[in-house]
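Residue numbers (the UniProt record's numbering): 1 to 113.
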């Protein structure tokens, strides 16, 4: 399966809608998108993962890298995920303590840093 990416602005946040699988083959596409957004001055990102079917360690690494990039600019990276199988990966790896995870894009956009 491939990876689909789209971005839109909601207030001062940039929402990155991700669909498909984030794995060793598709993760570079997501990394490229996150780097491009930060280079364009978008430091408050919301990654909407509701359409993600699969996430591996490479994908987790890309998300952590994106978080480091936005934090270097006093920014934030929030995740939107309500699929138990994906949330379990974040719990097992301890990344629920690193990423703010929300159940909807609205919640993530309205959250304060």
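Backbone N, C-alpha and C define an ideal beta-carbon position, used for all residues, glycine too.
Nearest-angstrom Cβ-Cβ length linking residue i and residue j, presumed shorter than 8 angstroms
| i | j | result |
| --- | --- | --- |
| residue 9 | residue 44 | Rounded, the Cβ-Cβ distance is 10 angstroms, inconsistent with contact. |
| residue 86 | residue 52 | 6 angstroms |
Backbone secondary structure at residue i - three-state DSSP
| i | result |
| --- | --- |
| residue 104 | coil |
| residue 98 | coil |
| residue 74 | coil |
Distance CB(residue i)-CB(residue j) smaller than 9 angstroms
| i | j | result |
| --- | --- | --- |
| residue 79 | residue 47 | yes |
| residue 59 | residue 92 | no |
| residue 55 | residue 99 | no |
| residue 34 | residue 19 | no |
| residue 103 | residue 81 | yes |
Exposure label - residue i; buried when at least 16 CB within 10 Å
| i | result |
| --- | --- |
| residue 26 | buried |
| residue 66 | buried |
| residue 108 | buried |
| residue 42 | buried |
| residue 24 | exposed |
Alpha carbon of residue i to alpha carbon of residue j, nearest angstrom
| i | j | result |
| --- | --- | --- |
| residue 70 | residue 37 | 9 angstroms |
| residue 13 | residue 72 | 16 angstroms |
| residue 83 | residue 11 | 26 angstroms |
| residue 50 | residue 40 | 25 angstroms |
| residue 29 | residue 15 | 16 angstroms |
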